[in-house]
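Student: Heads up, the sequence shown is in my numbering, so the first residue is -19 and it goes up one at a time.
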Amino acid sequence: MRVCMLCPTFPPNAVPCGVGDYTYNLSGYLAALGVSVTVVASTTHHPEPETAVKVIPFAAQWDLRTVYSLVGKLCREEFDLVNMQYTPELFGRLPWIKWLPAAMAVRRGPPVIVTVHTLVGGYPSAKLLAPLLVGASRRIICPNEEVSYLISRYLPFVRNRIREIPIGSNIPGPSADPEGTRRSVRAEFGLGVDSVLLSHFRFAYAGKGIETLLAAADRLQAAGIKFMLLMIGGAWPGADAYYQGLQFRCQGTGVVKNVVWLGHCERTRVATLLEASDIYVVPYDDGISTRRGTLLAGLVHSLPIVSTYPSRPSSRFRDGENVVLVPPRDPIALTRALGMLIASPDLRQKMRDPWHSEKPVLRHSVPMVRGVCLPLS
């Protein structure tokens, strides 16, 4: 079976991206199962020697000429199928890549499966051409309930082609010695036995709840609560000034000694820090969701999660049972939730327990994707 994956941000890449990391893991697992995998990436990809996955740095931008050339190449190579990773920003804002599934169908090329991480974005063609993108695709993989609901509601003619498959975590799971990891990390940061370690992991850019988190941390510190907050992950490309501004604001408050800015970290380092954490706090402005790889990183380590109410009802996240949820952009509610968990080791353990049984579900995304692909080959 010969599969082509389309993902401009496939790593190693000058542009860090969760979708790229997901595609990297998926491609590697498929190759290990005996599938011949070729990835078409952007020219920001840095090739690695001697890998089981062939990577083609194809283009710097995805204009009409590039997409026309890509369609021809995909047809000539005689792949069994093409899996296109999609978000509105992944290929840039030009409209032409959204025509690819239709062009492949007209040319009688290999079937296209589109994995829709996010369907619509902040520019006109993302919304206007969404029906063309998904309508011409043979299968539509939705990593979360929000996207599958959106497509089913507004594009009901493709409902029977939708398969909902969670993305899984890009971060390694727990080590063989979690207690040893915990002792080592706490010693590294000089934490006493009565201090609680909080962690937050994601790229930093506006609208992702970081201001709310820092405001809550400031309130916790003012109340005399002993904690440390690890800010894991640096600035999103183009958001360096924003990231530096967050750090500068911290320096002018009493919370500066409680917040540690770690910047970008290797995946193994992220896993180590999460394994040692007591609470994982990710107060997304637009709600908790399984489409967020940063959330799944916390779940795979069975951490107590503090986040925000989802944009639409979700059966997976149950406030007070397996997560603690607060309204978005509400530092007072977030302070209250964190204070409650910090004060109660028993409650933290209660929040950990449900995710031990959920972790196998998160790991099944690769065989589920393969199950969608095989009938089309």
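Don't be surprised by glycine CBs; every beta carbon is placed ideally from N, CA and C.
List, from N- to C-terminal side, the alpha helix (DSSP H) runs of 4 residues or more that fit wholly inside the segment -8 to 17.
Tutor: Fully enclosed alpha helix (DSSP H) runs of 4 or longer: -2 to 12.
Student: List the whole-angstrom C-beta distance separating residue 21 from residue 37, where the pair is believed to meet the contact cut-off of C-beta under 8 angstroms.
Tutor: Locating residue 21 in the sequence shown gives position 41, counting from the first residue. Locating residue 37 in the sequence shown gives position 57, counting from the first residue. The pair is a contact, with the Cβ atoms about 6 angstroms apart (cut-off 8 angstroms).
Student: For the alpha helix (DSSP H) holding residue 227, just list the boundary residues, first then last.
Tutor: Here the question's residue 227 lines up with position 247 in the sequence shown. Element bounds for residue 227: 220 to 231.
Student: Using a Cβ-Cβ cutoff of less than 6 angstroms, which residues in the same chain neighbour residue 113 once the five nearest sequence positions on both sides are dropped?
Tutor: Translated into positions along the sequence shown, residue 113 becomes position 133. Cβ neighbours of residue 113 beyond the five flanking positions: 78.
Student: Do residue 181 and residue 212 have their C-beta atoms closer together than 9 angstroms?
Tutor: Counted from its first residue, the sequence shown places residue 181 at position 201. Counted from its first residue, the sequence shown places residue 212 at position 232. Their beta carbons are under 9 angstroms apart, which means residue 181 touches residue 212 by this criterion.
Student: Grab the span of the alpha helix (DSSP H) containing residue 131 for me, first residue to last.
Tutor: Along the sequence shown, one-based indexing puts residue 131 at 151. Segment 125 to 134, the alpha helix (DSSP H) holding residue 131.
Student: Going along the chain, which residues of its own chain have a beta-carbon closer than 7 angstroms to the beta-carbon of residue 358, five neighbours each way excluded?
Tutor: Residue 358 is absent from the model: the chain starts at -19 and stops at 357.
Student: Taking just the CA atoms, how far does residue 177 sit from residue 120?
Tutor: Counting from 1 along the sequence shown, the entry for residue 120 is found at position 140. Counting from 1 along the sequence shown, the entry for residue 177 is found at position 197. Distance between the alpha carbons of residue 120 and residue 177 is about 40 angstroms.
Student: Cα-Cα, which of 139, 208, 190 and 104 is closest to residue 165?
Tutor: What you label residue 165 is simply residue 185 of the sequence shown in a count that begins at 1. When each option's Cα is compared against that of residue 165, the closest is 208.
Student: According to DSSP, is residue 137 part of a helix, a strand, or is it coil?
Tutor: Start at 1 with the first residue of the sequence shown, and residue 137 comes out as number 157. Correct three-state label for residue 137: helix.
Student: Could you name the residues that DSSP lists as bridge partners for residue 243?
Tutor: Counted from its first residue, the sequence shown places residue 243 at position 263. Residue 243 is bridged to 212.
Student: Cutting at 7 angstroms between CB atoms, please list the residues of its own chain near residue -6, excluding the five before and the five after it.
Tutor: Here residue -6 corresponds to residue number 14 of the sequence shown, with the count starting at 1. 24, listed in sequence order.
Student: So what's residue 341 in DSSP terms, helix, strand or just coil?
Tutor: On the sequence shown, residue 341 is found 361 positions in, with the first residue counted as 1. In this predicted model, residue 341 has a pLDDT of only 44, less than 50, meaning its place in the structure is not dependable enough to derive any value.
Student: Does the segment 57 to 66 come close enough to the segment 88 to 95 to have 3 or more Cβ pairs within less than 8 angstroms?
Tutor: The segment 57 to 66, when compared against the segment 88 to 95, does touch it at the 8 angstroms Cβ threshold.
Student: Would residue 280 and residue 153 be called neighbours here (beta carbons separated by less than 9 angstroms)?
Tutor: Counted from its first residue, the sequence shown places residue 280 at position 300. Counted from its first residue, the sequence shown places residue 153 at position 173. Their beta carbons are under 9 angstroms apart, which means residue 280 touches residue 153 by this criterion.
Student: Pull up the distance between the alpha-carbon of residue 228 and that of residue 199, whole angstroms please.
Tutor: Here residue 228 is taken as the residue at index 248 of the sequence shown, counted from 1. Here residue 199 is taken as the residue at index 219 of the sequence shown, counted from 1. Straight-line Cα distance between these residues: approximately 17 angstroms.
Student: Could you tell me whether any non-hydrogen atom of the ligand FAD is closer than 8 angstroms to the CB of residue -1?
Tutor: Looking for the ligand FAD in the displayed structure turns up nothing, as the structure carries no ligands at all.
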